[in-house]
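This report refers to the structure that appears directly beneath it.
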Amino acid sequence: MDRFYISNIDAALLSAEEAHHCLHVTRHKVGDTIGVFDGRGHEAQCQITGATKDTVALKILTRGQTPPLRCRVTLAQAVPKKNMDLIVQKATELGVAEIQPLLSERTVVEAAGKLDRWQAIAMESCKQCGNNWLPALHAPVKAAAFLNSLGKFDLKCICSLQPGAQSLKHILAEVPAPKSMLILIGPEGDFTPAELALAKSAGCLPLSLGPLVLRAETAAIYTLSILHHELQVA
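Numbering-wise (the working numbering), the sequence shown opens with residue 487 and increments by one.
Here it is in structure tokens:
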């Protein structure tokens, strides 16, 4: 069943953009049944009862609610040269609660103006995978500024190529059931020594992803997949 985003399910009315997609892309018509979700855990099956050029009116047939995952994971990702779109897509599929793009000293791409694109990718990913929780996607900020103003997390980790970094298995043995977790992943070449030092001073534990040097998108998907298995799956 095709799914569409609706900010207020009780309003039972698709926005102009979603209505256009429903009527002209997926070719639905009056009488069809579609799914809707609000990005905050609520969903419904609805019947299309009316349609104009830029609106679709709905009748709610059934409702459902998905509880949030047991651990609220925030991904702070230094924007890589390419494949940030892929990282946003897969992070959404893996249930990340927040995504904070970072501008490291080694970031070499222009990230300005890309937030709308990333939010659209997250939305489409939710529609496709059935996730009823839309991640909060923030505007890019400098890594140093982010690290200087960290909020409270039960566990904070920074993926690191430096000696002394511990495996995720070892770290989770020490903090077995965090309710909130921050994962920082650097750009090509890793965070700078100054950024790593700042992260450690903010309480971030150096996390090893093994002996191989992973691309930024691989590191993100690998880490979030393990976390989903270890912390979210019953």
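We put the beta carbon where it would ideally sit given N, CA and C, even for glycine.
Around the Cβ of residue i, are there at least 16 other Cβ atoms within 10 angstroms (buried) or fewer (exposed)?
i	result
Gly550	exposed
Leu547	exposed
Pro649	exposed
Ala706	buried
His510	exposed
Thr593	buried
With DSSP as the reference, label residue i as helix, strand or coil.
i	result
Arg736	Since the first residue of the chain shown is 487 and the last is 720, residue 736 is not available in this structure.
Phe677	coil
Ser694	strand
Glu529	strand
Ala597	coil
Lys567	coil
Ser635	coil
Gln614	helix
Glu504	helix
Lys655	helix
Lys539	coil
Ile447	No statement about residue 447 is possible, as the shown extent of the chain runs from 487 to 720 and does not include it.
Val574	helix
Lys642	strand
Between the options, which has its C-alpha nearest residue i's C-alpha?
i	options	result
Asn634	Met667, Lys600, Ala683 and Glu596	Ala683
Gly527	Ala564, Asn617 and Asp496	Asn617
Arg489	Cys557, Phe523 and Leu717	Phe523
Met487	Gln531, Ile585 and Ala498	Gln531
Glu579	Glu596, Asn569 and Cys612	Cys612
Ala564	Leu717, Ala702, His714 and Glu716	Ala702
Thr552	Tyr491, Gln533 and Glu529	Glu529
Ile495	Leu555, His506 and Ile520	Ile520
Glu596	Gln718, Lys568 and Gly525	Lys568
Asp518	Cys508, Ile534 and Thr512	Ile534
Ser694	Leu670, Gly637 and His714	Leu670
Pro664	Ser501, His714, Met570 and Asp602	His714
Lys545	Glu504, Pro554, Ala498 and Arg513	Ala498
Taking residue i and residue j to be in contact with their CB atoms under 8 Å, please state how far apart those CB atoms are, rounded to whole angstroms.
i	j	result
Pro739	Pro566	Residue 739 lies beyond the residue range present for the chain, which begins at 487 and ends at 720; the question has no answer from this structure.
Ser590	Ala629	5 Å
Pro626	Leu588	7 Å
Leu710	Gln652	The pair is not a contact, with the Cβ atoms about 18 Å apart (cut-off 8 Å).
Arg556	Leu654	Not a contact, Cβ separation roughly 17 Å.
Checklist entry - Is it a yes or a no for the region 569-585 touching the region 520-540, going by three-plus beta-carbon pairs under 8 Å? => result no
Checklist entry - Below 8 Å, can you find three or more Cβ-Cβ pairs linking the region 656-670 to the region 600-608? => result no
Checklist entry - Are the region 544-563 and the region 576-596 touching by the rule of at least three beta carbon pairs closer than 8 Å? => result yes
Next on the checklist: For the pair the region 645-654 and the region 666-680, tell me if three or more CB-CB distances fall below 8 Å.
Outcome noted: yes
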